[in-house]
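Numbering (the working numbering), first residue to last: 43 to 362.
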């Protein structure tokens with residue numbers, strides 16, 4: 043049995059491997075019929091592992107990680123030439139954390155031999171919401187639109203982190219149930235930061251610096267670390283970047299569905315962005331971006347403390 047698993051989606055890759063092993067009824071009872079090989083890997087070592095007879099079992103698993111994208115062309119051709127003679131008792135799995143080119147000799151030969159080839163790619167931005175929804179359903183969860191938007195906005199295509207957080211929500215709900223935005227905030231407090239940033243920028247758009255500073259103070263305390271200030275600032279930059287892009291599209295008559303497609307946003311997030319973007323003109327958002335750039339330089343060069351820089355930035359943004 044020959045199989046190739048390749049792509050950046052490690053979560054679904056490992057699941058696909060486990061599923062195939064179940065289908066093959068592979069069990070390593072002796073503990074000696076599974077070998078994991080990694081690059082650098084000599085062809086002779088690979089061939090020896092594949093040709094060795096199973097011990098107290100019917101089959102043997104040889105798991106090769108990272109070799110297809112690491113080894114040279116000569117090695118790849120040696121392996122490709124060997125594959126037709128692969129012993130029937132050997133399950134040879136190549137596992138790659140990158141996409142293997144279609145022209146790769148081993149991949150080409152594997153396809154010719156009718157091997158199992160699984161491409162585990164990360165979902166593209168517009169594919170993330172349905173992917174998260176399906177993942178939640180697989181765990182017996184139903185995500186309300188606002189909850190889905192929070193997860194998508196904060197986690198994106200970090201599939202392993204999405205799965206981890208969904209499993210936490212599953213445990214919180216006792217195994218299954220409907221997930222609300224409040225559930226997400228309770229179980230993942232850092233996600234509540236995104237909501238505060240939105241409210242902060244909303245206050246800036248309404249030219250209410252006192253309210254904006256109050257929102258900022260909700261994110262800071264005397265023990266806030268420098269990296270936390272930079273994270274808060276980074277989220278502000280992201281918000282204004284999305285607003286600038288949204289405003290540009292709105293000014294050109296784009297519909298909300300077009301904004302969703304162009305910016306790869308969840309419809310719920312796109313609707314909020316479109317509403318907030320109307321608080322600023324395109325020119326004001328460009329000025330805001332320049333102020334964000336200057337604040338970034340100020341913090342990184344140590345000209346002013348992080349809290350003072352952010353408070354001054356808010357005052358300046360309210361005057362654009």
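Note that beta-carbon positions come from the ideal geometry of N, C-alpha and C, so glycine has one too.
Only a predicted model underlies this, so the values are computations on that prediction, with no experimental measurement involved.
For the pair of segments examined, the stretch 47-62 was found to touch the stretch 154-170: the number of CB pairs separated by less than 8 Å reaches three.
Closest in C-alpha terms to residue 136, from the list 80, 51, 181, comes 80. In the three-state DSSP reduction, residue 267 falls in the coil class, being neither helix nor strand.
Within the stretch 213-237, the complete alpha helix (DSSP H) runs of at least 4 residues fall at 223-229. In the three-state reduction of the DSSP assignment, residue 103 falls in the strand class, which pools E and B. Closest by C-alpha distance to residue 67, out of 133, 94, 209, is 133. Residue state for residue 79 is assigned as strand, using DSSP reduced to three classes.
Within the same chain, Cβ atoms closer than 6 Å to the Cβ of residue 218 are found at 182, the five residues on either side in sequence being excluded. In the structure shown, residue 249 adopts coil according to DSSP, grouped into three states. Pairwise C-beta distances place the stretch 288-295 in contact with the stretch 318-336, as three or more of them are shorter than 8 Å.
Restricting attention to 225, 335, 303, 247, the CA atom closest to the CA of residue 272 is found in 335.
Just measuring C-alpha positions, the residue of 95, 177, 197, 344 sitting nearest residue 129 is 95. Short of 6 Å from the beta carbon of residue 77, and not among the five residues preceding or following it, lie these beta carbons of its own chain, in chain order: 91, 104. Taking each of 125, 139, 126 in turn and checking the Cα distance to residue 111, the smallest one comes out for 139. Here residue 146 carries a coil assignment [DSSP, helix/strand/coil]. Residue burial annotation: residue 74 is exposed, with fewer than 16 other C-beta atoms found within 10 angstroms of its C-beta. The beta carbon of residue 118 lies closer than 6 Å to those of 147, 148 in the same chain, with the five residues before and after it left out. Counting only runs that start and end inside the stretch 151-216, the alpha helix (DSSP H) elements of at least 4 residues fall at 170-180, 187-197, 201-214. Within its own chain, the residues whose Cβ lies closer than 7 Å to the Cβ of residue 249, once the five positions on either side in sequence are excluded, are 360, listed in chain order.
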